[in-house]
Each structure stands twice: as structure tokens, then as C-alpha cells.
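Following this line, the structure appears as C-alpha cells:
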């Protein structure tokens, strides 16, 4: 199969499309990484507080981003024909997606504020609760400009304009680093705001990001903001289309990241040291995860276009080539985690106990890189053929029915602590990858059998 379907041409085309998206996703992830590294200098309590806050903040973020991704398959579907999408259709899909995403951002912000108020119910260390609440009240608001940005980004990615999000992401990250330095540590005459300074920097940087990409989007795509009237463009039919695609994607991401967030909470029941170690390890593995998501976004576009053309042979070539790229990249990350497991934690903190525990967690993270990459890549292919609901159910079972109980049993009944939590996550990732690959084969054959292949 490899010899017959591996295509250097498709491999190259996927990489060209995916590389800017991967770097852009890593850039978004680095906002949290930079915040964590710079806050780590303030002490273990501050690091544990941002760990708890990020457990729910990143969950809300990835849910919102997932919902916004419902726009991409629809733009692909309706722009693959010989005639390009009409201006009115592009405006309508964009407007309705923007409406959904802004509303989603507001709702998620409210949920984060409520979580901050009642975070004591999750049995976390008392000394970090006020810090966590203050961080979430400010950082949570940044979800609105982030999802505003995502609307334009998903539309542009469907049309294969991928570099702009990378360029503006770099600018946004540089602004975030500069403002972190000023506001966290109190430089250039500003007070030392600590965690609140990191949250404020994130909010400002994401507002800039939303403004920049919107100006570019209006130039490239035939959408006029002066003509985006609610009465003209609001369509319950398009809202339903977008939600039918976006909600399962967002729910999938939420279920997966929610499992990691719950693992975060379980680790907090062990100790602040364990929670800090988990935060560092999840930051590092989160970078590799976002690379895989970036690749999957490109794969969705390429696979989806061939699916729209019902070109079975080219679909197989895209699929096989994407798996080759994915395995190669994730194997490299696994190698880095193993070789530098004692070095990487020192970038975050100087506490010896935290560094030693994090090193052991990175060994487990190295093992699940391949499983994680395979399941993310397969999900990208499934989105290309508009198969999003069954994969969500697979995720629910893999993580919440299997992984979470295994994590709890190993951590607290087998006294394996944080390592037990991570072994449970490894179990869920591996099962998810295997079942999703079977789902891809079945769903592709079933959908293509409905119409003749080319």
C-alpha cells in the first residue's frame, strides 16, 4: 500500500500548506508557554495557580476554536466546483460564523469567571485560589478577539491562504512577550502585576491579532464589513450547517482536552509539586499537539477537496502521505523528549523536586507522541469527508470511559501518583488512534460508494 499510494507530490503540497498553519498553531500555544515560563520565576504557588487556570482556560479556548473550525469544510465544499463561491455566499457564511464565534467567546468568558469564583470546590491548594480567579477574569475575555480572529483564519485556510495567520501570530506573540516582561515584573515604571499582568498581556496581544487579520481578510476575500447587516445575512439554515459541523469538532476537542484538564485536577489532589510538574510537561507536549493540529488542518483541506471531486485514488495518496509526514514529525518530538527530558524542565523552574518529576512525565509523553499524532491526523482526514459525529463518540469512550478511570486507579489506588495519571492518558490516546483509523477506512468507503469515483 505504501509503495502504491505514497506520493512525493502530495507530501510536498501538504507540507507547503501545513507549515505556516503548524507554526501559527504553535505560536498560539506559545502564548501560554511564555506566560508559564515567565510566571515560573515568581515561585511554585504562582506556577501552580497558572497551571490550574490554564487547565480550564485552554479547555475553553480549544472548545471555541473547534466550533470555529466548522467553517472550513463548508467553504471547501462549496468552492471546489468549477464556479467559485458567489460573493454573497462568502459574506453569508462568514457573517454567520462570526456571529456564532463571538457569542461562543462571550459564553465561555462567563463560564471561566464562574469557575474562578467556585474553584475552591475542586479541592485545590488554598494558596493558589485567589491567583487563579484573578487570572481567569482577565484572560477569559481574550477569547472574544481570539474567536473573531479564528473566523477569518478558518475562511482563509479553506482558500489555502495560510501564511497570514503565521505572520500576524508572530507579531502578536512578540507583543505578548514584551507586555509580559513589563506587566509581570513591573518594568518601565509599571507596578508588578504578576499573574494579572500575564493575563492582561494575553488580552491585548489577541486584540491586536484580531484587528490585523480582519484588515487582511477584507482585502483578500470579497466580504465588505459595510454590507454585513444582520438582517441581510443572518441565515438559520447556514447557522445550522455551521453548528452541525463545528459543534462536534469543538465537543471532540473539549472532550480530549477536558480529559487532560481533569487529569490536571487529579494531579492537584496529589501536591503543588505534582501540579507544577504536570503543567510543565503538558506545556511541552501541548506544543507537539498543536503541530499535529496544524498538519491536520492542511490535511482537511487537501483530503476534502479530493473528496468533493470524488477522486478515490488521490484521496488515498493524500491520506498515506499525511500519515508518513505525521509519524516522522511525532517521532522526532519523541526523540527530543527522551534525550532532553532533564534539560527542558529547567527552562521553567529551578526547583529540583519539580524538575525530577517532570523528567519522568516526559518519558511517558515521548511514548504517546505517535498515538497522539495518528489520532489528530486521522481526525483531520475525517473532517475532510465531513464525518465529525462518530469520532466525537469515539473520543468520549476512549478518554472518559477508559483513560480517566485508569488514571485514577493507577494514581491513587496503585500509588503511582502523577506517573499513573499520565499512563492513563497514554492508554486513552492509543485506543483512540486505533479506533479512529478503522473509522476513517469505513467512513471513506461508505461515503464514496454513494457516488461513482473518478
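In my numbering, the protein residues as written are 51 to 504. Just so it is clear, CB atoms sit at the ideal spot from N, CA and C, and this is done for glycine as well. All values derive from a computational prediction rather than experimental measurement.
Cut-off 8 angstroms between Cβ atoms - residues of its own chain near residue i, not counting five sequence neighbours on either side
| i | result |
| --- | --- |
| residue 216 | 70, 71, 73, 74 and 77 |
| residue 229 | 247, 250, 251, 254 and 255 |
| residue 67 | 210, 212, 348, 351 and 352 |
| residue 297 | 117 and 120 |
| residue 320 | 461, 467 and 468 |
Reduced DSSP category for residue i - H, G, I as helix; E, B as strand; rest coil
| i | result |
| --- | --- |
| residue 140 | helix |
| residue 400 | coil |
| residue 466 | coil |
| residue 124 | helix |
| residue 212 | coil |
| residue 319 | coil |
| residue 253 | helix |
| residue 50 | Any answer about residue 50 is impossible in this case: the structure gives the chain only from 51 up to 504. |
| residue 503 | Caution is warranted here: a pLDDT of 46 is assigned to residue 503, below 50, making its placement in the model unreliable, and no coordinate value can be reported. |
| residue 132 | Because residue 132 carries a pLDDT of 45, less than 50, the predicted location of this residue cannot be relied on, and no value is offered for it. |
| residue 361 | coil |
| residue 96 | helix |
| residue 391 | coil |
| residue 473 | helix |
| residue 383 | helix |
| residue 58 | helix |
| residue 11 | Because residue 11 is not part of the residues shown, which for the chain are 51 to 504, the question remains open. |
| residue 285 | coil |
| residue 263 | helix |
| residue 488 | helix |
| residue 377 | helix |
| residue 436 | coil |
| residue 418 | coil |
| residue 443 | helix |
| residue 271 | coil |
| residue 119 | coil |
| residue 91 | coil |
Contact under 8 angstroms by Cβ, residue i with residue j
| i | j | result |
| --- | --- | --- |
| residue 177 | residue 283 | no |
| residue 441 | residue 431 | no |
| residue 112 | residue 351 | no |
| residue 386 | residue 395 | no |
| residue 116 | residue 159 | no |
| residue 121 | residue 155 | no |
| residue 438 | residue 299 | yes |
| residue 450 | residue 309 | yes |
| residue 292 | residue 124 | yes |
| residue 482 | residue 425 | yes |
| residue 311 | residue 105 | yes |
| residue 102 | residue 147 | no |
| residue 197 | residue 261 | no |
| residue 434 | residue 452 | no |
| residue 416 | residue 399 | no |
| residue 205 | residue 161 | no |
| residue 429 | residue 346 | yes |
| residue 401 | residue 94 | yes |
| residue 338 | residue 383 | yes |
| residue 375 | residue 64 | yes |
| residue 175 | residue 257 | no |
| residue 219 | residue 259 | yes |
| residue 99 | residue 181 | yes |
Presumed contact (8 angstroms Cβ cut-off) between residue i and residue j, rounded CB distance
| i | j | result |
| --- | --- | --- |
| residue 423 | residue 342 | 5 angstroms |
| residue 313 | residue 457 | 6 angstroms |
| residue 235 | residue 109 | Not a contact, Cβ separation roughly 28 angstroms. |
| residue 331 | residue 412 | 6 angstroms |
| residue 476 | residue 329 | Not confirmed; about 18 angstroms, so no contact. |
Chain-order list of residues whose beta-carbon lies under 7 angstroms from that of residue i (same chain, five-residue window excluded)
| i | result |
| --- | --- |
| residue 407 | 323, 324, 327 and 468 |
| residue 203 | 215 and 263 |
| residue 132 | Because residue 132 sits at a pLDDT of 45, beneath the cut-off of 50, its placement in the model cannot be relied upon, and the point is left open. |
| residue 269 | none |
| residue 184 | 245 and 246 |
| residue 187 | 163 and 166 |
Cut-off 6 angstroms between Cβ atoms - residues of its own chain near residue i, not counting five sequence neighbours on either side
| i | result |
| --- | --- |
| residue 446 | 305 |
| residue 60 | 367, 368 and 371 |
| residue 333 | 83 and 86 |
is_contact[residue i, chain C] using C-beta, thresh 8 angstroms
| i | result |
| --- | --- |
| residue 319 | As a matter of chain content, chain C is missing from the structure shown, which is built from one protein chain. |
Sequence ranges, alpha helix (DSSP H) only - wholly within the segment 169-238, length at least 4: 179-189, 193-208 and 213-235
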